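A.B. asks: Shown below is the structure under consideration.
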Ligand code: NAD
Ligand code: UGA
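Numbering (the numbering used here), first residue to last: 4 to 467.
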């Protein structure tokens, strides 16, 4: 079996960066080069101050500090890194298509295809190509088609090795995953390629946690895993609305059902709605694929997960309006949190964006504080929606570096991200500086509602 000594990863984003940094840390004998077209991103990964790397993840700077310059390299020379590697991971973005057929539903695979063509063009030695990005089932067919028709005589094997890390716990998830999934061909060469990749992971992951399947099962399992996780959130969020009508408490319901070992306690936390770059994109993709095979009921079933999530976000925003006497025009609403979850600076598809959009439509002024998200990112997220002019977004939203200033003079506070620090604020001090009645809308059920009510706040949670 071929022992891998040189790996290239195309894409230095939230997946490529942490994943390959951990591979380099755990496999000092393998040279790992992460490449990207984005020069600023690569420069940030190479920043002498390791705290300036472009992805914030607990423990990641330490991993990068250990391996960078030893056997971990970041570069914009994509051709050279591909040419030298025995194994090439493709970890580029696969967003929802924004044009043409499949617009708003299917995955845009143009970056995947560009990678395949680039690999085909520059390779002069045999290589194992690993799909790390999340892809529609049967994408490997297209990748193979491009790679097997170069006429160069170079041989390629295509594997699927989807990533299951969650942001905020990426390093922990990579060091100790529930499982690693590798899909490959049934042929002898396919099995050899699988064995070579298993061997890389076996440097730190017990073999029984490394699952191998055919390529299509692996590609599809990634979409299905995300669909199942998101489905649990939409299910509990649906029940949260019913709780609000019946005086049942969603936290108690979650605990009551989650202690059934067949259901389990994880992913039953009611919220303002799930965000992140993947759940929505991957479910839309699943829906699109099902529909393209004529499986209408299957498509409709999974689409409901998205419909419920959109409803939960909108319902949260409208509840703020309703509770502020049916108008927020000219009122200040403080947002605590903008990231899509705690411990990350990632804001993609964050519920905060959609709640802000809804409140800006109602002419509210929004004062945002998030411990890790940069000011320009917040404006960029709103501009991306194209709901109103750039100027209107900037007039309607102010960003603060201090949570107390963000809440100063506000009519209401909305908690959009479950950052731990929110629990430890001096809520008495915040209360003193707000307009009365001072309202809190806890979109994550993270604050101590009883203590807040004792201070004088009017508190609304989710499903409580
Ligand atoms: P990202 O946008 O953070 O990073 C992708 C990077 O690829 C970008 O820096 C981009 O410049 C680069 N790129 C695109 N085309 C390129 C090319 N031809 N050559 C060189 N570089 C190129 O995306 P991400 O969050 O890292 O996600 C990547 C994939 O992993 C997606 O398919 C996603 O669904 C999947 N995934 C993401 C997560 C997550 O937590 N973010 C988890 C599991 C799986
Ligand atoms: C998710 C999956 O958990 C990963 O396994 C997967 O690899 C990744 O998507 C991906 O493919 O991108 P991630 O989106 O980083 O990871 O974070 P999660 O912890 O899954 O949270 C997603 C969203 O759901 C967040 O907005 C979070 O606040 C919300 N959530 C999560 C809830 O509202 N309730 C819960 O009980 C759990």
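Here a beta-carbon is modelled for each residue, glycine too, at the ideal position from N, C-alpha and C.
The structure displayed is predicted, hence computed values, not measured ones.
For the pair the region 81 to 95 and the region 126 to 138, tell me if three or more CB-CB distances fall below 8 Å.
C.D. replies: Touching, per the Cβ criterion.
A.B. asks: So for residue 436, helix, strand or coil by DSSP?
C.D. replies: Reduced to three states, the DSSP call for residue 436 is coil.
A.B. asks: Find the nearest neighbour of residue 153 within the set 164, 163 and 128, judged by alpha-carbon distance.
C.D. replies: Measuring from the Cα of residue 153, the nearest candidate turns out to be 128.
A.B. asks: Hey, how far is the Cα of residue 122 from the Cα of residue 150?
C.D. replies: Rounded to whole angstroms, residue 122 to residue 150 spans 8 Å at the Cα level.
A.B. asks: How far does the beta strand (DSSP E) with residue 159 in it reach, from first residue to last?
C.D. replies: 159 to 163 is the extent of the beta strand (DSSP E) around residue 159.
A.B. asks: Taking 7 Å as the cut-off, is the C-beta of residue 405 nearer than that to any heavy atom in the ligand NAD?
C.D. replies: No.
A.B. asks: For residue 186, which beta-bridge partners are listed by DSSP?
C.D. replies: Answer is 163 and 216, bridged to residue 186.
A.B. asks: Of the residues 311, 365 and 301, which one's Cα is nearest the Cα of residue 332?
C.D. replies: Here the closest residue by C-alpha is 365.
A.B. asks: Run the proximity test for residue 236: is its beta-carbon closer than 7 Å to any non-hydrogen atom belonging to the ligand UGA?
C.D. replies: Result yes, Cβ under 7 Å from the ligand UGA.
A.B. asks: Cβ atoms of residue 355 and residue 338: under 8 Å apart, would you say?
C.D. replies: Taking 8 Å as the Cβ cut-off, residue 338 and residue 355 qualify as a contacting pair.
A.B. asks: Does DSSP put residue 90 in a helix, in a strand, or in coil?
C.D. replies: Looking at residue 90 - three-state DSSP - the assignment turns out to be strand.
A.B. asks: Let me check you understand the geometry: is the CB of residue 142 closer than 7 Å to at least one non-hydrogen atom of the ligand UGA?
C.D. replies: No, the beta carbon of residue 142 sits no closer than 7 Å to any heavy atom of the ligand UGA.
A.B. asks: Enumerate, from N- to C-terminal direction, the unbroken alpha helix (DSSP H) stretches of 4 or more residues contained entirely within the region 38 to 101.
C.D. replies: The qualifying runs are 42 to 48, 63 to 70 and 81 to 87.
A.B. asks: Hey, residue 94 and residue 18: beta-carbon distance below 8 Å or not?
C.D. replies: Closer than 8 Å, so yes.
A.B. asks: For the ligand UGA, I want to know if residue 410 counts as a neighbour, meaning its beta carbon is within less than 7 Å of at least one of the ligand's heavy atoms.
C.D. replies: No, the Cβ of residue 410 stays beyond 7 Å of every heavy atom of the ligand UGA.
A.B. asks: By a C-beta neighbour count over all protein chains shown, 10 Å radius and 16 as the cutoff for buried, is residue 46 buried or exposed?
C.D. replies: So residue 46 counts as exposed.
A.B. asks: So is residue 231 buried or exposed if we call it buried at 16+ other beta carbons inside 10 Å?
C.D. replies: Exposed, since its Cβ has fewer than 16 Cβ neighbours within 10 Å.
A.B. asks: Quick check on the DSSP output: the beta strand (DSSP E) that includes residue 443 runs from which residue to which?
C.D. replies: Where residue 443 is concerned, the enclosing beta strand (DSSP E) stretches over 442 to 445.
A.B. asks: Leaving aside the five residues before and after residue 78 along the sequence, list all residues of the same chain whose C-beta is less than 8 Å from its C-beta, in chain order.
C.D. replies: Same-chain partners within the cutoff: 36, 37, 38, 45 and 84.
A.B. asks: For the beta strand (DSSP E) that residue 194 lies in, which residues bound it at each end?
C.D. replies: Where residue 194 is concerned, there is no enclosing beta strand (DSSP E), although the alpha helix (DSSP H) it sits in stretches over 191 to 204.
A.B. asks: DSSP three-state label for residue 169, please.
C.D. replies: If DSSP states are grouped into helix, strand and coil, residue 169 belongs with coil.
A.B. asks: Take the Cβ of residue 468 as the centre, count every other Cβ of all protein chains shown within 10 Å, and call the residue buried at 16 or more, exposed below.
C.D. replies: Residue coverage of the chain in this structure runs from 4 to 467, which leaves residue 468 outside it and unanswerable.
A.B. asks: Does the region 65 to 81 come into contact with the region 259 to 275, if we say contact requires no fewer than three beta-carbon pairs (one atom in each stretch) closer than 8 Å?
C.D. replies: The region 65 to 81 vs the region 259 to 275: no contact.
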